[in-house]
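Participant: Structure in structure tokens, see below.
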Amino acid sequence: MSLKNALNYAKKANEEKMGYRFQFPLSMKEEFELLCNKSSVNMTDMILGLIQSAIDEDKGLYDVPTLNIINKLNVLEESFADLHHLHVNQGEQIITLDNGKDIILEDELTSLKLKINALKRELQKRGDEQ
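Residue 83 in the numbering used here sits at position 82 of the sequence shown; the count goes up by one each step and never skips.
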């Protein structure tokens, strides 16, 4: 279940609601209340968002682990493209990161390519299983 999807739903919730009694442990209520306050949503809308997220996931509208892989893949591919541009188009061999660490672009590109290929294989495997 995706907290992000639940929060998005909770922030947009404007449907008329019916009463329903719901009980949960006090310790959980306090933590949940903190989460809702931090996210600027009320507890009812957040609960509805979590319920909607569960319903959507059950319907197969999204598969959170697969979406996480896709998001990670997008980040890695963007990093690869940026570093590839520096290496090939600008001739850079070594760059210094903001934290002062030097990286060898060719090694970093190889590492990113291996990670990208591994994630693509995992996505392919998941697609074959369905």
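Here a beta-carbon is modelled for each residue, glycine too, at the ideal position from N, C-alpha and C.
Keep in mind the model is a prediction, meaning the values are calculated, not measured.
Leaving aside the five residues before and after N6 along the sequence, list all residues of the same chain whose C-beta is less than 6 Å from its C-beta, in chain order.
Facilitator: As a working note, residue 6 is residue 5 in the sequence shown. Excluding sequence neighbours, N6 sits near S54.
Participant: If I'm right that A82 touches G50 with Cβ under 8 Å, what's the distance once you round it to whole angstroms?
Facilitator: Taking the sequence shown and counting its residues from 1, one reaches residue 82 at position 81. Taking the sequence shown and counting its residues from 1, one reaches residue 50 at position 49. Contact flag wrong, Cβ pair sits at about 34 Å.
Participant: If I'm right that S40 touches L87 with Cβ under 8 Å, what's the distance once you round it to whole angstroms?
Facilitator: For the purposes of this step, residue 40 is taken as residue 39 along the sequence shown, with counting starting at 1. For the purposes of this step, residue 87 is taken as residue 86 along the sequence shown, with counting starting at 1. No, S40 and L87 are not in contact; Cβ-Cβ is about 37 Å, not under 8 Å.
Participant: Distance, Cα to Cα, L77 vs H85?
Facilitator: The residue you call residue 77 lines up with position 76 of the sequence shown. The residue you call residue 85 lines up with position 84 of the sequence shown. Each residue's Cα considered, the two are about 12 Å apart.
Participant: Residue range of the beta strand (DSSP E) that D103 falls in?
Facilitator: Here residue 103 refers to the residue found at position 102 of the sequence shown. It spans 103 to 105 - the beta strand (DSSP E) in which D103 sits, taken as one unbroken run.
Participant: Any idea which residues DSSP pairs T97 with across the strands?
Facilitator: Within the sequence shown, numbered from 1, the residue matching residue 97 stands at position 96. Paired residues: D103.
Participant: Give the straight-line distance between the Cα atoms of D103 and F33, rounded to the nearest whole angstrom.
Facilitator: On the sequence shown, position 102 is the one that residue 103 refers to. On the sequence shown, position 32 is the one that residue 33 refers to. Each residue's Cα considered, the two are about 42 Å apart.
Participant: What do you get for D108, buried or exposed, if any count of 16 or more other CB atoms within 10 angstroms of its CB means buried?
Facilitator: Start at 1 with the first residue of the sequence shown, and residue 108 comes out as number 107. So D108 counts as exposed.
Participant: So what's Y21 in DSSP terms, helix, strand or just coil?
Facilitator: Locating residue 21 in the sequence shown gives position 20, counting from the first residue. DSSP places Y21 in coil when its eight states are reduced to three.
Participant: For L35 versus I70, is the C-beta distance shorter than 8 Å?
Facilitator: Position 34 of the sequence shown, counted from the first residue, corresponds to residue 35. Position 69 of the sequence shown, counted from the first residue, corresponds to residue 70. No, the pair does not count as a contact, with Cβ atoms beyond the cut-off.
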